[in-house]
Every structure is written in structure tokens, then in C-alpha cells.
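In the UniProt record's numbering, the protein residues as written are 1 to 359.
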């Protein structure tokens with residue numbers, strides 16, 4: 001399979017990866033042959049990239065960090081919790097009747113089980129979701145990325161659970177804001193920005209009253225917008241004043257936000273998002289950023305790339321410790337003509353060949 005921009009899709013292309021709706025259900029299944037109507041609908045729903053199967057890359061398959069079933073169950077639970085709170089707006093009386101700690105402990109344990117089975121913890125992005133489902137899928141993505149960082153840090157099982165639950169629920173305070181404000185696509189006024197910033201306190205208040213959620217987890221909601229240089233909110237904390245779990249969630253939050261499809265801006269590639277994080281070392285925790293970047297596939301499997309030779313290829317294999325040197329299957333010559341016999345180049349060995357950009 002290979003990843004292409006939706007503008008390059010054409011009728012007859014075969015979808016290679018499921019597309020997900022807001023509640024975690026499958027919007028369009030792999031194996032579906034695209035029509036012009038499907039393509040227009042996907043564009044309207046905010047899908048910027050899709051994966052397709054073709055004869056040159058039929059055997060290239062990215063391995064997700066967590067299984068589709070676990071992802072769907074996690075998104076479904078986030079969707080149910082968040083939509084109930086959005087609709088009912090019963091801040092403490094409603095939540096006090098729930099046991100979010102036990103429910104989300106099970107959700108994250110399922111995610112964690114899959115992460116711990118991975119021989120090489122490499123974050124390889126392949127899940128796609130419509131833009132209006134971002135809020136729910138984002139929480140699961142942030143928890144998964146945070147779990148990878150926590151494992152890389154050598155956290156104990158109890159620490160991983162606290163981090164994971166906090167990451168799944170870090171934005172729960174958004175459900176208590178005025179209807180539609182946090183979905184607003186245009187520029188926020190100063191007053192609206194101040195209201196939005198309240199979600200950190202609101203989330204903390206929700207979580208700290210839950211008997212099975214630790215204060216460490218609750219601090220992910222309170223502090224995920226704090227920044228190491230003191231420029232964040234709500235308390236302008238800096239450095240080690242910010243709990244490490246919150247510093248991890250902040251990195252996962254920024255990375256997933258940049259690499260997700262949004263109506264108001266283009267979707268960044270993992271390489272571009274990694275560059276952004278590298279430059280944010282004074283704002284976000286630099287040591288944690290370095291650890292995170294050592295576990296991210298800068299050019300994930302199935303990414304179409306342009307080489308410095310002018311050839312176009314598709315990443316077929318990635319390696320820990322060599323984020324910029326994957327194996328690339330060359331499928332087009334510099335004139336843009338498809339090769340009858342594609343061939344692979346191991347960039348770890350061909351040091352004079354480099355990736356110029358993802359296309």
C-alpha cells in the first residue's frame with residue numbers, strides 16, 4: 001500500500017486502510033473501490049490523505065501500535081464519556097455517579113498490553129479519521145504516544161496506568177465549556193480564549209473527585225498546557241514545577257495535533273512535526289522530546305517520498321535508531337514514469353541517497 005493525498009485519488013483506487021468516524025466506527029472499509037462520489041465525500045469530511053493498494057506496493061503494510069479492535073473500543077469509550085458530559089453539562093453531580101478510573105483503567109490496560117508486546121516501539125502513523133472526530137481519536141492517540149514514552153522511560157506498571165488514564169482524559173474539561181466554543185473554526189476573541197483556558201481547571205476538578213483516579217492523572221488535565229519556559233497556562237509553571245506526566249502528555253498532544261487532519265490548516269507530516277518539536281526544546285521538555293523522537297518513524301511505512309536522485313519511492317521498512325534511513329521501494333523515475341520493475345534501496349547502506357521530502 002501507499003499513502004497519497006486525496007487530491008491524487010481517482011475512481012477505481014482500492015482503499016488499503018479503514019477510515020474512521022467520530023465514534024470509532026468504520027466509515028469506509030479497506031478493500032472498497034473508490035468512486036468519484038466517495039472521493040468527494042471524503043474531501044468534504046476533511047480527509048486529506050488515504051492509503052491505497054496497487055501492484056507496486058501491495059505487500060507493504062504498516063504495523064499499527066495497537067490493534068484496530070482495541071482502538072475502536074477505546075475511541076468508543078472516550079466518545080460515550082465525552083458526549084454524555086457535553087450534552088448533560090452536569091459537572092460534578094453527573095461525574096460523581098461514574099467510575100471513570102475503573103473504566104479507563106481497563107481501556108488503557110488493553111492499549112498497554114499491545115504496546116508491551118512490540119519488539120520495536122516505533123510509532124508508525126496509519127490511522128485516519130474525519131476531522132469532526134478529532135477530539136475523540138486525539139485522546140486515544142495521545143494516550144498511545146504517552147504510553148510509548150512512559151515505557152521508554154522505564155516506568156513501573158502503576159506509573160504507566162496513571163500516565164495512560166491521565167492522557168486519555170487530559171482534555172475532559174473541554175466538555176464543560178459553552179456549546180460549540182471548542183469546535184469554533186474561526187479565530188477566537190480574547191474573551192473566548194480565556195474561557196477555553198478554563199478547561200484545564202475544569203478537567204482537574206472533574207478528575208480529582210473520582211475515587212479511582214490519582215491526583216497524578218488529574219494533573220495531566222491541569223498542566224498539559226504549561227510550558228517549561230513559564231509561558232503556558234493556567235499557572236505559568238516552569239521546568240520541574242510541571243509534573244512529568246503532564247510534560248509527556250504535552251509532547252504527545254502537540255505531535256498528534258500537528259499530524260492530524262484539521263479543517264483550519266493542512267496536515268503536517270511526521271517529519272515536519274518532528275522538526276517542530278526539535279525546535280521547541282526550550283518550551284517543551286527537551287530530554288523527553290529526544291526520547292520521543294527516538295521512537296517515532298519519521299517517514300512511516302507506506303509514505304511516498306522524493307529522493308535526491310529525483311526518483312519517487314514508498315517506504316517499505318523502518319528501523320529504530322535510523323529515523324531518516326528507511327528502506328525505500330523506488331516506483332517512479334525522475335521523469336515521473338512508473339517503473340515496470342520497482343526495486344528497493346536500503347538508505348542505511350546507500351549514504352549518498354537521501355529523502356528530500358514526503359509527497
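Built from N, CA and C at the ideal position, the CB exists for glycine as well.
Cβ-Cβ distance between residue i and residue j below 8 Å
i	j	result
residue 221	residue 169	yes
residue 217	residue 285	no
residue 276	residue 293	no
residue 136	residue 78	yes
residue 331	residue 315	no
Alpha-carbon spacing of residue i relative to residue j, whole angstroms
i	j	result
residue 208	residue 119	35 Å
residue 179	residue 46	21 Å
residue 39	residue 234	42 Å
residue 306	residue 202	46 Å
residue 361	residue 159	Outside the displayed span of the chain (1 to 359) sits residue 361, for which this structure offers no information.
residue 318	residue 33	28 Å
residue 109	residue 239	30 Å
residue 291	residue 274	12 Å
residue 44	residue 23	18 Å
residue 349	residue 103	48 Å
residue 153	residue 122	14 Å
residue 99	residue 247	26 Å
residue 93	residue 63	Since pLDDT at residue 93 reaches only 49, below the 50 mark, its modelled position is unreliable, and the value read off the structure follows with that caveat. Each residue's Cα considered, the two are about 42 Å apart.
residue 91	residue 166	Interpretation of residue 91 is limited by its pLDDT of 49, a score under 50 that renders its predicted location unreliable; no figure is taken from the coordinates.
residue 281	residue 244	15 Å
residue 338	residue 311	10 Å
residue 81	residue 255	24 Å
residue 117	residue 335	43 Å
residue 329	residue 354	13 Å
residue 333	residue 356	15 Å
Neighbourhood of residue i by C-beta distance below 8 Å, restricted to the same chain and skipping five residues each side
i	result
residue 111	66, 70, 74, 140, 143, 144, 147 and 164
residue 225	197, 200, 232, 233, 234 and 250
residue 115	65, 66, 121, 144, 147, 148 and 151
Buried versus exposed, by CB contacts within 10 Å (16 or more), residue i
i	result
residue 8	exposed
residue 279	exposed
residue 3	buried
residue 26	exposed
residue 323	buried
residue 189	exposed
residue 261	buried
Cut-off 7 Å between Cβ atoms - residues of its own chain near residue i, not counting five sequence neighbours on either side
i	result
residue 181	192, 195 and 196
residue 346	327
residue 365	The chain is shown only over 1 to 359; residue 365 falls outside these bounds and no answer can be derived.
residue 16	1, 30, 51, 52 and 53
residue 61	1
residue 68	18
Beta-carbon proximity list for residue i, same chain, < 6 Å, skipping 5 on both sides
i	result
residue 101	210, 212 and 213
residue 36	11
residue 85	175
residue 269	358
residue 230	236 and 238
Cβ-heavy atom distance, residue i to the ligand ATP, below 7 Å
i	result
residue 296	No copy of the ligand ATP occurs in the structure displayed, which carries no ligand at all.
Original post:
So, do the region 57-66 and the region 289-303 have three or more beta carbon pairs nearer to each other than 8 Å?
Top reply: yes
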